[in-house]
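Undergrad:
In this note's numbering, the protein residues as written are 144 to 433.
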């Protein structure tokens with residue numbers, strides 16, 4: 144593997160992605176700023192609508208060519224900008240799903256002038272029809288009662304009954320609260336459960352996932368747990384340090400195949416052009432939401 148693999152660079156993703164060769168990435172998985180006015184250490188989430196969409200188009204045009212011919216892309220979005228960005232991506236890729244992430248927000252509180260927003264929108268896009276997708280890796284097992292109800296002879300030996308069903312496009316997974324063990328100091332951290340589902344389905348074992356807005360490092364951590372490689376970028380130095388801490392923590396992989404080996408992972412530090420194992424580098428531009 145080359146020297147950009149299994150690295151998180153603390154730098155501007157627009158400049159940093161130039162180090163990645165075109166056609167080398169199996170999966171782009173990203174959670175960019177939603178432009179909702181959050182404080183990520185700068186004003187990147189507080190742009191005008193026109194500036195935000197123009198900036199989004201800039202990073203999309205840099206990122207998409209990095210995909211292999213059978214590669215895929217997942218993007219987290221807010222409903223406020225999903226329509227425009229979906230149209231933007233449809234001009235470059237084929238849209239397979241709009242996935243709704245139900246964050247299991249408590250029913251109390253919320254707006255008094257509109258319906259309460261309790262979901263994030265996820266777009267799933269692919270480059271061509273023979274894109275990589277491992278459904279068996281993400282099937283949800285049927286419970287014992289369901290299997291018993293399907294005990295008639297016509298169901299005996301049915302693969303779908305034994306291995307489980309295809310996840311639907313509504314994913315009900317709790318957002319992370321302070322009591323969750325995986326929670327770190329990042330305002331929009333995504334659950335490992337969701338990121339790992341995407342990786343299992345759309346990045347082959349040993350493949351490479353790119354996260355242009357690495358945030359708290361969940362994509363890198365999930366890739367390491369699942370035997371995939373990663374590369375990513377994050378501007379905010381404090382978040383880069385969180386990523387470094389998370390990757391340094393000993394943790395049993397979610398799934399490990401016998402004989403598999405991986406390069407040492409690192410976050411690359413704060414002098415432009417310098418690569419140092421075990422720390423992080425920065426240049427400048429919007430930080431991630433994830």
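Just so it is clear, CB atoms sit at the ideal spot from N, CA and C, and this is done for glycine as well.
What number of angstroms, rounded off, separates the C-alpha of residue 203 from the C-alpha of residue 235?
TA: Going from the Cα of residue 203 to the Cα of residue 235 covers about 9 Å.
Undergrad: Among the residues of its own chain, which have a CB less than 6 Å from the CB of residue 195, if the five just before and after it don't count?
TA: Only 178 meet the Cβ criterion.
Undergrad: For a quick check, are the C-beta atoms of residue 350 and residue 146 less than 8 Å apart?
TA: Contact flag unset, no.
Undergrad: Looking at residue 360: is its Cβ nearer than 8 Å to the Cβ of residue 151?
TA: Cβ atoms of residue 360 and residue 151: closer than 8 Å.
Undergrad: From the DSSP output, which residues share a beta bridge with residue 308?
TA: DSSP output for residue 308 lists 283 as bridge partner(s).
Undergrad: Which same chain residues, not among the five before or five after residue 246, have their C-beta less than 8 Å away from its C-beta?
TA: Closer than 8 Å at Cβ, skipping near neighbours: 261, 262, 263, 316, 317, 318.
Undergrad: Which one of 241, 259, 380 has the shortest CA to CA distance from residue 249?
TA: Comparing Cα-Cα distances from residue 249 to each of 241, 259, 380, the minimum goes to 259.
Undergrad: In whole angstroms, what is the alpha-carbon distance linking residue 355 and residue 272?
TA: For residue 355 and residue 272, the distance between alpha carbons rounds to 24 Å.
Undergrad: Curious, which full-length alpha helix (DSSP H) runs of at least 4 residues does the stretch 345-387 contain?
TA: Counting only runs of 4 or more, we get 361-369.
Undergrad: Helix, strand or coil: how does DSSP classify residue 248 here?
TA: Here residue 248 sits in coil by DSSP.
Undergrad: Within a Cβ cutoff of 6 Å, which residues of the same chain sit near residue 364, ignoring the five residues on either side of it in sequence?
TA: The answer, listed in chain order, is 389.
Undergrad: In angstroms, rounded to a whole number, what distance separates the CA positions of residue 374 and residue 274?
TA: So the two alpha carbons sit approximately 20 Å from each other.
Undergrad: On a Cα-Cα basis, can you pick out the residue from 311, 336, 411, 345 that is closest to residue 213?
TA: Among 311, 336, 411, 345, the Cα nearest to that of residue 213 belongs to 345.
Undergrad: Please state whether the Cβ-Cβ distance between residue 209 and residue 163 is less than 8 Å.
TA: Cβ atoms of residue 209 and residue 163: closer than 8 Å.
Undergrad: Report the three-state DSSP secondary structure of residue 219 (helix, strand or coil).
TA: Residue 219 falls in the strand class under three-state DSSP.
Undergrad: Per DSSP, residue 263 forms a beta bridge with which residues?
TA: Looking at the DSSP assignment, residue 263 forms a beta bridge with 244.
Undergrad: Which same chain residues end up closer than 8 Å to residue 313 when comparing Cβ atoms and leaving out the 5 residues on each side of it in sequence?
TA: Around residue 313: 242, 243, 245.
Undergrad: In terms of residues, what are the limits of the alpha helix (DSSP H) holding residue 230?
TA: From DSSP, the alpha helix (DSSP H) with residue 230 extends over 225-233.
Undergrad: What would DSSP say about residue 316, mapped onto helix, strand or coil?
TA: Residue state, collapsed to three classes: coil.
Undergrad: Could you work out which residue in 257, 304, 270, 269 is closest to residue 285 when comparing CA atoms only?
TA: Of the candidates 257, 304, 270, 269, the one whose C-alpha sits nearest the C-alpha of residue 285 is 304.
Undergrad: What are the boundary residues of the beta strand (DSSP E) that includes residue 204?
TA: First-last for residue 204: 192-206, but that is the alpha helix (DSSP H), not the beta strand (DSSP E).
Undergrad: I believe residue 232 touches residue 268 by the beta-carbon criterion, under 8 Å. Please report the beta-carbon distance rounded to the nearest angstrom.
TA: Yes, they are in contact, since the Cβ atoms of residue 232 and residue 268 sit about 5 Å apart, within 8 Å.
Undergrad: Return yes when the Cβ of residue 206 is within less than 8 Å of the Cβ of residue 353, no when it is not.
TA: Yes, Cβ-Cβ distance for residue 353 and residue 206 is below 8 Å.
Undergrad: Nearest to residue 173 by alpha carbon, out of 226, 311, 156?
TA: Looking at the Cα atoms, 156 is the closest of the given residues.
Undergrad: What residues in its chain sit with their C-beta under 6 Å from that of residue 340, if we drop five residues either side in the sequence?
TA: These residues qualify, in order along the chain: 281.
Undergrad: Hey, how far is the Cα of residue 384 from the Cα of residue 332?
TA: The alpha-carbon atoms of residue 384 and residue 332 are separated by roughly 15 Å.
Undergrad: Use the C-beta contact count for residue 154: other C-beta atoms within 10 angstroms, 16 or more gives buried, fewer gives exposed.
TA: Burial call: buried.
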